[in-house]
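Report on one structure; see the data block that follows.
Protein chains: 2
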Amino acid sequence: MDTNLHFTLPTEVFSGRGCVAKQAQRWMLGRHALIVTGKTSARLSGALDDVCACLDARQIPYVTYEGISANPDETQVYAGAAVARTRGCDFVIAIGGGSVLDAAKSIAWVVASDVPREAFFNGVPATDPVLPIVAIPLTCGTGSEVTQYSIITDHEAKTKKNVSSAAFFPTIALLDAHYLTSLPKDVLCDTALDALSHAIEGIYSLKADCFSRALAETAIGVLMPELVRMAHGTFVNLAQLQYGSMVAGMVIAQTGTGLVHAMGYPLTYYKGMPHGRANGVLLAGYLTFMQATCASLTERILAAAGLSMPEELQALVDTLLDIQGCFREAPTEEELEVFTGDSLRLEVVRRYRTLPSPEEVKDLYRMGF
Amino acid sequence: MDTNLHFTLPTEVFSGRGCVAKQAQRWMLGRHALIVTGKTSARLSGALDDVCACLDARQIPYVTYEGISANPDETQVYAGAAVARTRGCDFVIAIGGGSVLDAAKSIAWVVASDVPREAFFNGVPATDPVLPIVAIPLTCGTGSEVTQYSIITDHEAKTKKNVSSAAFFPTIALLDAHYLTSLPKDVLCDTALDALSHAIEGIYSLKADCFSRALAETAIGVLMPELVRMAHGTFVNLAQLQYGSMVAGMVIAQTGTGLVHAMGYPLTYYKGMPHGRANGVLLAGYLTFMQATCASLTERILAAAGLSMPEELQALVDTLLDIQGCFREAPTEEELEVFTGDSLRLEVVRRYRTLPSPEEVKDLYRMGF
Numbered sequence: 020m021d022t023n024l025h026f027t028l029p030t031e032v033f034s035g036r037g038c039v040a041k042q043a044q045r046w047m048l049g050r051h052a053l054i055v056t057g058k059t060s061a062r063l064s065g066a067l068d069d070v071c072a073c074l075d076a077r078q079i080p081y082v083t084y085e086g087i088s089a090n091p092d093e094t095q096v097y098a099g100a101a102v103a104r105t106r107g108c109d110f111v112i113a114i115g116g117g118s119v120l121d122a123a124k125s126i127a128w129v130v131a132s133d134v135p136r137e138a139f140f141n142g143v144p145a146t147d148p149v150l151p152i153v154a155i156p157l158t159c160g161t162g163s164e165v166t167q168y169s170i171i172t173d174h175e176a177k178t179k180k181n182v183s184s185a186a187f188f189p190t191i192a193l194l195d196a197h198y199l200t201s202l203p204k205d206v207l208c209d210t211a212l213d214a215l216s217h218a219i220e221g222i223y224s225l226k227a228d229c230f231s232r233a234l235a236e237t238a239i240g241v242l243m244p245e246l247v248r249m250a251h252g253t254f255v256n257l258a259q260l261q262y263g264s265m266v267a268g269m270v271i272a273q274t275g276t277g278l279v280h281a282m283g284y285p286l287t288y289y290k291g292m293p294h295g296r297a298n299g300v301l302l303a304g305y306l307t308f309m310q311a312t313c314a315s316l317t318e319r320i321l322a323a324a325g326l327s328m329p330e331e332l333q334a335l336v337d338t339l340l341d342i343q344g345c346f347r348e349a350p351t352e353e354e355l356e357v358f359t360g361d362s363l364r365l366e367v368v369r370r371y372r373t374l375p376s377p378e379e380v381k382d383l384y385r386m387g388f
Numbered sequence: 020m021d022t023n024l025h026f027t028l029p030t031e032v033f034s035g036r037g038c039v040a041k042q043a044q045r046w047m048l049g050r051h052a053l054i055v056t057g058k059t060s061a062r063l064s065g066a067l068d069d070v071c072a073c074l075d076a077r078q079i080p081y082v083t084y085e086g087i088s089a090n091p092d093e094t095q096v097y098a099g100a101a102v103a104r105t106r107g108c109d110f111v112i113a114i115g116g117g118s119v120l121d122a123a124k125s126i127a128w129v130v131a132s133d134v135p136r137e138a139f140f141n142g143v144p145a146t147d148p149v150l151p152i153v154a155i156p157l158t159c160g161t162g163s164e165v166t167q168y169s170i171i172t173d174h175e176a177k178t179k180k181n182v183s184s185a186a187f188f189p190t191i192a193l194l195d196a197h198y199l200t201s202l203p204k205d206v207l208c209d210t211a212l213d214a215l216s217h218a219i220e221g222i223y224s225l226k227a228d229c230f231s232r233a234l235a236e237t238a239i240g241v242l243m244p245e246l247v248r249m250a251h252g253t254f255v256n257l258a259q260l261q262y263g264s265m266v267a268g269m270v271i272a273q274t275g276t277g278l279v280h281a282m283g284y285p286l287t288y289y290k291g292m293p294h295g296r297a298n299g300v301l302l303a304g305y306l307t308f309m310q311a312t313c314a315s316l317t318e319r320i321l322a323a324a325g326l327s328m329p330e331e332l333q334a335l336v337d338t339l340l341d342i343q344g345c346f347r348e349a350p351t352e353e354e355l356e357v358f359t360g361d362s363l364r365l366e367v368v369r370r371y372r373t374l375p376s377p378e379e380v381k382d383l384y385r386m387g388f
């Protein structure tokens with residue numbers, strides 16, 4: 020009879036055109052802002068200008084750290100933290116994709132808690148203060164605007180590490196779909212596949228409950244029609260993609276990610292495949308694999324997605340990648356050995372009733388290529 | 020393209036058998052607790068014993084105010100506040116139905132902000148401190164465990180007033196469905212109808228957005244099968260009722276309630292009809308009325324409920340009330356005049372595209388009886 024539900028989402032979410040300006044009074048969370056961005060999208064999208072205009076109008080000084088790249092490492096985190104320290108910043112505004120949002124969270128922690136570099140990957144003590152964070156996502160995949168996670172690349176461990184803390188939930192998330200219009204089509208597609216992956220992995224997770232599954236079904240139901248439209252080359256509703264991605268973020272905030280992410284990380288780390296695309300190519304195989312042991316959950320996923328079998332998802336992903344002109348080079352047997360070892364070492368794969376064997380993982384990689 | 024979504028839920032929710040004891044460390048929000056309860060259910064359900072055992076084990080002193088009745092007024096709020104003040108309580112544990120949870124929120128405010136009695140119904144200033152609140156619901160209707168509302172009867176205005184503040188969201192909500200086993204069947208049914216009403220009114224609200232509507236559909240989909248089982252006299256899943264009611268609470272936290280609640284209040288105030296039952300008898304007529312102007316939203320509600328037309332909901336409610344042996348005395352024409360005037364004066368009825376005329380409101384009352 021019991022539900023054993025756990026839900027927490029301390030982030031206040033606003034979406035809609037112009038929400039950055041409309042909610043400006045709400046996101047003035049301190050007296051000196053550190054703005055964290057990537058190389059170009061914050062400027063291209065107009066989001067950085069909007070933010071600066073709001074800060075200027077309220078005479079809140081700010082400094083901008085534009086140094087975050089895809090798959091940020093702790094070197095970038097510490098460089099951003101150094102900038103914040105020189106100006107005594109007391110809140111962080113993250114404008115960008117998942118890499119930027121994730122790095123900003125770690126920066127907010129390193130600054131507020133004076134974290135020594137050698138302790139960075141040891142976990143965030145629950146009592147550590149973290150600067151308040153405003154999250155303005157410029158992609159539609161990460162969900163980081165509503166999660167407690169900061170995914171940072173650990174070169175020593177040759178993978179991405181999940182640095183997380185309840186204090187990492189942004190205080191406010193501002194979703195303006197207009198900012199996505201300048202996003203390259205392939206990034207739009209890759210990040211949407213990442214969001215879909217969050218929702219699907221979340222449903223199977225041992226940490227899932229009735230509510231996180233309902234949220235995941237909502238996210239899948241919102242994302243899939245847009246992915247289908249993308250594949251057909253017709254009008255895509257960016258606000259829906261951004262909304263679906265946010266709801267999928269709420270899901271992984273409760274469940275974490277799983278096998279697809281674990282297997283995707285090596286593809287990104289060793290082969291430079293974008294994170295969302297790496298997840299996307301593995302998704303259909305994963306559904307087929309899970310169908311054997313979790314038939315009814317798989318049914319729910321397929322129903323929410325409007326599909327009758329996993330192969331249809333594979334066909335959709337293939338079409339999407341073809342449109343992008345993406346050539347998928349199948350990993351060699353030697354590579355598969357390394358990828359499988361790396362992904363099975365991650366704790367997230369233990370969040371399922373069935374732990375796949377190394378041979379099964381290799382097969383899943385093969386199915387994606 | 021835009022979504023104009025707003026979502027906030029600062030309350031951390033736990034459900035499941037034994038969650039009060041399991042999460043005890045998390046809900047020790049102060050050094051001296053005020054426990055607020057109604058007359059009997061906190062003891063009958065075992066919830067009060069569980070809470071006291073946890074407090075005793077951690078040597079947190081507490082005082083209990085057991086004076087909350089249905090439809091509490093500010094006299095009860097001030098009596099509870101007086102008890103808290105004599106012992107210097109710094110957090111509030113509310114154990115009960117909507118009346119208890121709502122009263123506890125106002126008590127937490129009156130104590131922390133020293134609110135003069137003559138200012139009580141003037142609104143809660145945003146800067147007013149409020150003691151942290153632990154909410155343990157013992158019914159499955161209010162949703163108050165995840166809302167910012169405190170509904171208090173104002174005898175001068177002859178209706179219920181909505182006293183609300185963002186600071187009224189409980190810090191933690193603990194949902195143990197086992198506590199519902201001692202709930203009288205009619206209360207279970209009435210409160211479940213209240214929850215259903217929250218979800219349905221929320222969908223039509225002008226404040227609704229894609230996310231609150233998705234949550235409302237989830238709530239309707241969870242509640243309806245249990246109400247049908249209740250009508251059939253078969254096994255009812257209390258955890259599902261509690262979960263559906265909580266999700267419906269998340270909905271009204273975003274949208275507020277609407278016409279059904281506005282029309283239900285006079286039935287409660289003048290005729291003593293339980294709050295949820297008053298909403299329940301009005302629901303099907305309301306669906307029929309809204310169908311004319313909001314056809315597609317009505318379709319979504321009916322689909323989520325597994326119904327093909329509003330009349331089926333009326334039949335379900337009739338069966339449920341018959342089982343309870345509830346006799347519905349139709350209001351007289353004089354009463355209808357008063358009820359209609361009172362309900363149309365409430366601000367909540369303005370949350371729709373179509374404001375009903377007094378004659379339409381009277382017809383809606385007639386349809387319920």
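Going line by line, the protein sequences match chains A and B. For the first sequence, my numbering begins at 20 and goes up steadily by one. For the second sequence, my numbering begins at 20 and goes up steadily by one. Glycine is no exception: its CB is placed at the ideal position from the N, C-alpha and C atoms.
Check whether the Cβ atoms of Thr338 of chain B and Ala250 of chain B lie closer than 8 Å to each other.
It is a contact, given that the beta carbons lie within the stated cut-off.
Pull out every residue of the region 214-233 of chain A whose Cβ sits closer than 9 Å to any Cβ of chain B, in chain order.
Answer in chain order: Asp228, Cys229, Phe230, Ala233.
Measuring alpha carbon to alpha carbon, tell me which residue in B:Ile222, B:Lys204, B:Leu332, B:Cys71 is nearest Ala40 of chain B.
Per the Cα distances, B:Cys71.
Flag this pair as yes or no: are the beta carbons of Ala314 of chain A and Gln333 of chain A separated by less than 8 Å?
Not in contact: Ala314 of chain A and Gln333 of chain A (Cβ atoms no closer than 8 Å).
Could you tell me how far apart the beta carbons of Gly295 of chain A and Asp209 of chain A are, in whole angstroms, since I believe they sit closer than 8 Å?
About 4 Å; that satisfies the 8 Å criterion.
Short of 6 Å in beta carbon distance, which residues of its chain neighbour Gln273 of chain A, apart from the five on each side in sequence? Order them along the chain.
Excluding sequence neighbours, Gln273 of chain A sits near Ser231.
Assign Met309 of chain B to buried or exposed, taking buried as 16 or more other Cβ atoms, counted over all protein chains shown, within 10 Å of its Cβ.
Looking at its Cβ environment, which holds 16 or more other Cβ atoms inside 10 Å, Met309 of chain B is buried.
Any idea what DSSP makes of Ile171 of chain B, helix, strand or coil?
Residue state, collapsed to three classes: strand.
Closer than 8 Å, CB to CB, is Ala258 of chain A near chain B or not?
At least one chain B Cβ lies under 8 Å of Ala258 of chain A.
Please classify Asp68 of chain B: does DSSP put it in a helix, a strand, or coil?
Of the three classes helix, strand and coil, the one that applies to Asp68 of chain B here is helix, per DSSP.
Measure the Cβ-Cβ separation of Ser224 of chain B and Gly277 of chain B and say whether it is below 8 Å.
Result yes, Cβ atoms of Ser224 of chain B and Gly277 of chain B sit closer than 8 Å.
Which same chain residues, not among the five before or five after Ile152 of chain B, have their C-beta less than 7 Å away from its C-beta?
Cβ neighbours of Ile152 of chain B beyond the five flanking positions: Val111, Ala113, Ala123, Lys124, Ala127, Pro189, Thr190.
In the DSSP assignment, find the unbroken alpha helix (DSSP H) run with Tyr223 of chain B in it and report its ends.
That run of the alpha helix (DSSP H) goes 204-223.
Identify, in the order they occur along the chain, each residue of the same chain with its Cβ nearer than 6 Å to the Cβ of Glu220 of chain A, setting aside the five sequence neighbours on each side.
Here the set comprises Thr276, Gly277, Val279.
Name the chain A residues whose beta carbon is nearer than 9 Å to that of Asn181 of chain B?
The contacting residues do not exist; Asn181 of chain B stays about 21 Å from chain A at best.
Ignore the nearest five residues each way along the sequence and tell me which others in Phe33 of chain A's own chain have a CB closer than 6 Å to its CB.
Closer than 6 Å at the Cβ level, and outside the excluded window around Phe33 of chain A, lie Gln42, Leu193.
CA-CA distance, Phe187 of chain A and Tyr168 of chain A?
Using only the alpha carbons, I get a separation of about 7 Å.
Identify the continuous beta strand (DSSP E) that holds Tyr262 of chain A and give its terminal residues.
First-last for Tyr262 of chain A: 257-274, but that is the alpha helix (DSSP H), not the beta strand (DSSP E).
Pick out whichever of A:Val300, A:Thr56, A:Pro350 has its Cα sitting closest to the Cα of Asp341 of chain A.
For Asp341 of chain A, the nearest C-alpha among the options comes from A:Val300.
What are the boundary residues of the alpha helix (DSSP H) that includes Leu193 of chain A?
It is not in any alpha helix (DSSP H) - Leu193 of chain A instead sits in the beta strand (DSSP E) that spans 191-194.
Thinking C-beta only, is Ala258 of chain B closer than 8 Å to Thr22 of chain A?
Cβ distance < 8 Å, so Thr22 of chain A and Ala258 of chain B count as in contact.
Nearest to Thr56 of chain A by CA position, among A:Gly99, A:Glu164, A:Gly37, A:Glu353, is which residue?
Among A:Gly99, A:Glu164, A:Gly37, A:Glu353, the Cα nearest to that of Thr56 of chain A belongs to A:Gly99.
Ile239 of chain A to Leu260 of chain A, Cα distance in whole Å?
Approximately 10 Å between the Cα atoms of the pair.
Which chain A residues sit within Cβ distance under 8 Å of Tyr262 of chain B?
Thr22, Leu24, Cys229, Phe230, listed in chain order.
Based on Cα-Cα distance, which residue from B:Leu150, B:Ala101, B:Cys108 lies nearest to Ser184 of chain B?
Considering only alpha carbons, the answer is B:Leu150.
State yes or no: is the C-beta of Ile171 of chain B within less than 8 Å of the C-beta of Val96 of chain B?
A contact, by the Cβ cut-off of 8 Å.
What span of residues does the beta strand (DSSP E) with Leu150 of chain B cover, start to end?
Unbroken run through Leu150 of chain B: none, as it is neither H nor E.
At a CB-CB cut-off below 8 Å, which residues of chain A make contact with Val279 of chain B?
By Cβ distance, chain A contributes nothing, its closest Cβ being about 24 Å from Val279 of chain B, past 8 Å.
Going by DSSP, name the residue or residues bridged to Ala6 of chain A.
It is not possible to answer for residue 6 of chain A, since the shown part of chain A is limited to 20 through 388.
Tell me the DSSP secondary structure of Asn181 of chain B in three-state form.
The answer is strand: DSSP assigns Asn181 of chain B an E or B state.
Output needed in chain order: residues of the region 25-37 of chain A with a Cβ under 7 Å from some Cβ in chain B.
Listed by position, the residues of the region 25-37 of chain A near chain B (Cβ gap below 7 Å) are His25, Phe26, Thr27, Leu28, Pro29, Glu31, Val32, Phe33, Ser34, Gly35, Arg36.
Could you check which residue in B:Thr312, B:Ser376, B:Gly86, B:Ala66 has the C-alpha nearest to that of Thr200 of chain B?
Nearest of B:Thr312, B:Ser376, B:Gly86, B:Ala66 to Thr200 of chain B, Cα basis: B:Ala66.
Could you give the first and the last residue of the continuous alpha helix (DSSP H) run that contains Ser60 of chain A?
First-last of the alpha helix (DSSP H) with Ser60 of chain A: 60-63.
Taking C-beta to C-beta, are Glu164 of chain A and Met282 of chain A nearer than 8 Å?
Their beta carbons are not under 8 Å apart, which means Glu164 of chain A does not touch Met282 of chain A by this criterion.
Starting from Glu31 of chain B, follow its DSSP beta bridges and name the residues at the other end.
The partner list for Glu31 of chain B (beta bridge, DSSP) reads B:Ile191.
Run down chain B in chain order and give the residues with a C-beta less than 7 Å from the C-beta of Thr253 of chain A.
Residues of chain B passing the Cβ test: none, with the nearest at roughly 14 Å.
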